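Notes follow the structure.
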Amino acid sequence: MTDFRISYGTEVAEALHDGRPVVALESTIVSHGLPRPENLRVAREIELAVRDAGAVPATIGMIRGELVVGLDDAQLTRLATVDGVAKLSVRDLAVGAATGADGATTVAATSAVAAAAGIEVFATGGLGGVHREAAHTFDESADLITLARTPITVVCAGVKSILDVGATLERLETLGVAVVGYRTHRFPGFYLTDGGFDLDWSLDSPEQIAAALAARDAQAVHTGGLIVANPLPVDEQLDPELHDRTLADGLALLERDGVTGKAVTPYLLAHFHSATEGASLTVNVRIILRNADLAARIAVASAARTATPA
Numbered sequence: 000m001t002d003f004r005i006s007y008g009t010e011v012a013e014a015l016h017d018g019r020p021v022v023a024l025e026s027t028i029v030s031h032g033l034p035r036p037e038n039l040r041v042a043r044e045i046e047l048a049v050r051d052a053g054a055v056p057a058t059i060g061m062i063r064g065e066l067v068v069g070l071d072d073a074q075l076t077r078l079a080t081v082d083g084v085a086k087l088s089v090r091d092l093a094v095g096a097a098t099g100a101d102g103a104t105t106v107a108a109t110s111a112v113a114a115a116a117g118i119e120v121f122a123t124g125g126l127g128g129v130h131r132e133a134a135h136t137f138d139e140s141a142d143l144i145t146l147a148r149t150p151i152t153v154v155c156a157g158v159k160s161i162l163d164v165g166a167t168l169e170r171l172e173t174l175g176v177a178v179v180g181y182r183t184h185r186f187p188g189f190y191l192t193d194g195g196f197d198l199d200w201s202l203d204s205p206e207q208i209a210a211a212l213a214a215r216d217a218q219a220v221h222t223g224g225l226i227v228a229n230p231l232p233v234d235e236q237l238d239p240e241l242h243d244r245t246l247a248d249g250l251a252l253l254e255r256d257g258v259t260g261k262a263v264t265p266y267l268l269a270h271f272h273s274a275t276e277g278a279s280l281t282v283n284v285r286i287i288l289r290n291a292d293l294a295a296r297i298a299v300a301s302a303a304r305t306a307t308p309a
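First residue of the sequence shown? That's 0 in numbering that gives the first Met the number 0, and the numbers climb one at a time after it.
The following block contains the structure:
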């Protein structure tokens, strides 16, 4: 393979050309974040949620070294079912292409590729961030620095609750990444409605979020990302006592097994799935479907602003 340029699915290419709303979706949740065979079913449901809200889904991934924006169903199936799919952050994209890898893009990689493709809204479950014990390990997700320099809007349920949430919010502030709550002034905790921290800003509608994006573009001052933190309703969250007990047990197992780096998040998510007898998976799926719907409505509102002269 000698042409390493980004490839586009036909539907996504046409939508971008026509100025229609498009929502970027990651593929790591498909290959590394959810167990088989639920992962492929959920991946299709996520794309359907985007369509039902009026936008075109653009799931991003790498197939045999080809970086694709808008995987078709056969490509999505491949990433969901074959073994040895690489977990690609931004730094891995060129090497993955050169080696002909099958790869799933993380939040960082998906954000960077989406912005390069001209897609301004991205839906995911939870962000990466500062890991617990980072003061000793220096373990911090590339999501943070990527969002500091990428003009992408990420709809999420906060950062994964297995991380150091407070430290992550401090890093986001230092890096200049804007964080707003969707109809809340509290930062959500992924599986939990409330992650325990206040937010300065709350936006109340997709149209208001689209206005913030338009203001950022018009001012041409801030080039970083916007995190839209979309909490689960209280009656849809994971039971808080079950969450805290499962997290404590999972962190002890991490230390026992010496798990570090990229392996930490999938290890803990798998532990949550097992220890909660599938309850965390149900909540995880609920999170990403809700975020896909909101992201699509933001993309629709933003496209409408662009189509309507000021």
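The beta-carbon is built from N, C-alpha and C at its ideal position, and this holds for glycine as well.
All figures in this text were calculated on a predicted structure; none of them were measured in a lab.
Beta-carbon proximity of residue i to residue j, cut-off 7 Å
{"i": "Arg310", "j": "Glu235", "result": "The structure shown has nothing for residue 310, since the chain only spans 0 to 309."}
{"i": "Ala209", "j": "Ala300", "result": "yes"}
{"i": "His270", "j": "Gly257", "result": "no"}
{"i": "Thr152", "j": "Val120", "result": "yes"}
{"i": "Val68", "j": "Ile28", "result": "no"}
{"i": "Val154", "j": "Glu139", "result": "no"}
{"i": "Asn290", "j": "Asn229", "result": "yes"}
{"i": "Ser88", "j": "Thr105", "result": "yes"}
{"i": "Val164", "j": "Gly194", "result": "yes"}
{"i": "Ala295", "j": "Ala52", "result": "yes"}
{"i": "Ser204", "j": "Thr183", "result": "no"}
{"i": "Leu143", "j": "Arg170", "result": "yes"}
{"i": "Glu46", "j": "Thr123", "result": "no"}
{"i": "Ser279", "j": "Leu237", "result": "yes"}
{"i": "Pro259", "j": "Leu231", "result": "Strictly speaking, residue 259 in this sequence is Thr, with Pro absent from that position. No, these two residues do not count as a Cβ contact at 7 Å."}
For residue i, three-class secondary structure by DSSP
{"i": "Phe189", "result": "coil"}
{"i": "Pro205", "result": "helix"}
{"i": "Thr259", "result": "coil"}
{"i": "Ile151", "result": "coil"}
{"i": "Ile60", "result": "The residue asked about is misnamed: residue 60 is Gly in this sequence, not Ile. Here Gly60 sits in strand by DSSP."}
{"i": "Leu293", "result": "helix"}
{"i": "Ala177", "result": "strand"}
{"i": "Ile226", "result": "strand"}
{"i": "Asp197", "result": "strand"}
{"i": "Ser160", "result": "coil"}
{"i": "Glu235", "result": "helix"}
{"i": "Glu65", "result": "strand"}
Same chain, Cβ closer than 8 Å to residue i, five either side skipped, listed in chain order
{"i": "Gly175", "result": "Ala147, His221, Gly223"}
{"i": "Ile62", "result": "Leu70, Gln74, Arg77, Leu78, Asp101"}
{"i": "Val81", "result": "Asp101"}
{"i": "Pro34", "result": "Ala269, His272, Leu280"}
{"i": "Gly64", "result": "Met0, Phe3, Gly95, Ala96, Ala97, Thr98, Gly99, Ala100"}
{"i": "Gly83", "result": "Asp101"}
Chain-order list of residues whose beta-carbon lies under 6 Å from that of residue i (same chain, five-residue window excluded)
{"i": "Phe189", "result": "Gly125, Ala156, Gly157, Lys159, Ser160"}
{"i": "Tyr7", "result": "Val68, Gly69"}
{"i": "Ala274", "result": "Thr245"}
{"i": "Ser30", "result": "Leu78, Val84, Ala103"}
Through-space distance from residue j to residue i, alpha-carbon basis
{"i": "His242", "j": "Phe196", "result": "17 Å"}
{"i": "Glu206", "j": "Ile297", "result": "7 Å"}
{"i": "Ala107", "j": "Asp199", "result": "24 Å"}
{"i": "Asp91", "j": "Ala115", "result": "16 Å"}
{"i": "Ala177", "j": "Leu288", "result": "23 Å"}
{"i": "Pro36", "j": "Asp72", "result": "15 Å"}
{"i": "Val112", "j": "Arg43", "result": "21 Å"}
{"i": "Ala247", "j": "Thr98", "result": "39 Å"}
{"i": "Thr167", "j": "Glu132", "result": "12 Å"}
{"i": "Arg215", "j": "Thr145", "result": "18 Å"}
{"i": "Ala85", "j": "Ala302", "result": "34 Å"}
{"i": "Ala141", "j": "Asp17", "result": "32 Å"}
{"i": "His272", "j": "Ala217", "result": "44 Å"}
{"i": "Ala103", "j": "Leu162", "result": "21 Å"}
{"i": "Pro265", "j": "Gly32", "result": "6 Å"}
{"i": "Leu39", "j": "Arg255", "result": "32 Å"}
{"i": "Glu276", "j": "Ala96", "result": "38 Å"}
{"i": "Ala219", "j": "Pro150", "result": "11 Å"}
{"i": "Pro187", "j": "Leu267", "result": "19 Å"}
{"i": "Phe3", "j": "Ala211", "result": "34 Å"}
{"i": "Thr281", "j": "Val41", "result": "10 Å"}
{"i": "Ala93", "j": "Gly60", "result": "13 Å"}
{"i": "Ala48", "j": "Gly127", "result": "23 Å"}
{"i": "Glu172", "j": "Arg19", "result": "32 Å"}
{"i": "Phe137", "j": "Thr9", "result": "41 Å"}
Closer than 7 Å to chain D by CB, residue i
{"i": "Ala247", "result": "Looking at the structure shown, chain D is missing, and only one protein chain is on hand."}
Spatial neighbours of residue i in its chain, beta-carbon cut-off 7 Å, leaving aside the 5 residues before and after
{"i": "Val21", "result": "Val11, Ala14, Leu15, Ala54, Val55, Ala57, Ile118, Ala298"}
{"i": "Arg50", "result": "Pro56"}
{"i": "Tyr181", "result": "Leu202, Val227, Ala228, Asn229, Leu293"}
{"i": "Leu66", "result": "Ile5, Ser6, Leu92, Ala96, Val112"}
{"i": "Arg304", "result": "Ala209, Ala213"}
Inset, instruction - Taking only runs that begin and end inside the region 67 to 149, name each unbroken alpha helix (DSSP H) of 4 or more residues, in chain order. - result: You should have 72 to 80, 92 to 97, 106 to 116, 133 to 136, 141 to 147.
Inset, instruction - For the region 21 to 58, list the beta strand (DSSP E) runs that are entirely contained and at least 3 residues long, ordered along the chain. - result: Positions of the beta strand (DSSP E) runs, each at least 3 residues long and wholly inside the region 21 to 58, are given as 21 to 24 in order along the chain.
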